[in-house]
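>
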Amino acid sequence: MLQRYLFSYTVVVYRILELLNAQGEADHDEIKGCLYILLGNDSIFLPTIHSWRLHEKLWPSIARTMHATKTSTQNLIDQIVKRISKLFNTPAIIEDTNDTSIRAAAALWRPLEPKEMETCDKIREERNQQNIQSYKNLMKTLNSLLNDDRLAWRQQERTITFICLLLQRCVPIPLSCVRTFTDLLVHDNSELRK
């Protein structure tokens, strides 16, 4: 279902987020089921879908989940993080279409009217701004998680893994992240120093 119907994952992800972010005790089987859904299969892997809004909500929940009290759930989270590290191709934050592509599209279909081009440019600019905002929010959230003293070392490692995967050249990272990277150079945990 998730592969056939675009954006159907949003229905599932919101329920998963509710369970992962729940305060207090959670049913082990429900959490394990959520993690198996996130782990997915070869056809779909929710944590790497090209949506900055999805990453903004899902990745911090994966990083900070406190419900991994049993070895089986810890192993599932570790598998998810490893798979994210392996499969994540950074989606474009700023989508830009060059003139050559526009001319090729016009040759294949038809030239767009100036009003249509203005509308397309406006939509693209709004989407770019939303992506930039989601990216910055995600980086700030992960950074604040990393600086949270309540996180266990495994959660800190997950968080720094996510931050490293998200580093971009086209959008500057928040200064708080730069400060954290500098502080990590002298951290007690050797994994975080790397």
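Letter 190 of the sequence shown, counting from 1, is numbered 1036 in my numbering, and no numbers are missing. No residue lacks a Cβ here, since even glycine has one placed at the ideal position from N, Cα and C. What you are looking at is a predicted structure, and each value in this text was computed from that prediction instead of being measured.
Return the first residue and the last residue of the alpha helix (DSSP H) that I877 is part of.
For the purposes of this step, residue 877 is taken as the residue at position 31 of the sequence shown. Taken as a continuous stretch (DSSP letters only), the alpha helix (DSSP H) holding I877 covers 874-885.
> Assign E1045 to buried or exposed, taking buried as 16 or more other Cβ atoms, counted over all protein chains shown, within 10 Å of its Cβ.
Lying before the first or after the last residue shown, residue 1045 is absent from the chain, which here runs from 847 to 1040.
> I'd like to check one pair, T943 with L992: are the Cβ atoms closer than 7 Å?
Taking the sequence shown and counting its residues from 1, the one referred to as residue 992 is at position 146. Taking the sequence shown and counting its residues from 1, the one referred to as residue 943 is at position 97. Cβ atoms of L992 and T943: not closer than 7 Å.
> Taking just the CA atoms, how far does L997 sit from T946?
As a working mapping, residue 946 is identified with position 100 in the sequence shown. As a working mapping, residue 997 is identified with position 151 in the sequence shown. Rounded to whole angstroms, T946 to L997 spans 49 Å at the Cα level.
> Run the CB neighbour count on K903, radius 10 Å, all protein chains shown included, and call it buried at 16 or more, exposed below.
Residue 903 sits at position 57 when you count from the first residue of the sequence shown. Its Cβ being crowded by 16 or more others within 10 Å, K903 is buried.
> Only counting the same chain, and skipping five residues up and downstream in sequence, which positions put a Cβ closer than 7 Å to that of R970?
As a working note, residue 970 is residue 124 in the sequence shown. If we look at R970 and ignore the five residues flanking it on each side, its Cβ neighbours are E941.
> At which residues does the alpha helix (DSSP H) containing N989 begin and terminate?
The residue labelled residue 989 in the question sits at position 143 within the sequence shown. Per DSSP, N989 belongs to the alpha helix (DSSP H) from 960-992.
> For D1045, which of helix, strand or coil comes out of DSSP?
Since the first residue of the chain shown is 847 and the last is 1040, residue 1045 is not available in this structure.
> Could you pull out every unbroken beta strand (DSSP E) segment of at least 3 residues lying fully inside the region 890-949, listed in chain order?
Fully enclosed beta strand (DSSP E) runs of 3 or longer: not present.
> Starting from C1010 and walking both ways along the alpha helix (DSSP H), at which residues does that stretch end?
Your numbering for residue 1010 matches position 164 in the sequence shown. Unbroken alpha helix (DSSP H) run through C1010: 999-1012.
> List the endpoints of the continuous alpha helix (DSSP H) containing I1019.
For the purposes of this step, residue 1019 is taken as the residue at position 173 of the sequence shown. Element bounds for I1019: n/a, residue is neither H nor E.
> Which value, in whole angstroms, describes the spacing of the CA atoms of T917 and T936?
As a working mapping, residue 917 is identified with position 71 in the sequence shown. As a working mapping, residue 936 is identified with position 90 in the sequence shown. Near 30 Å, if we compare the C-alpha coordinates of T936 and T917.
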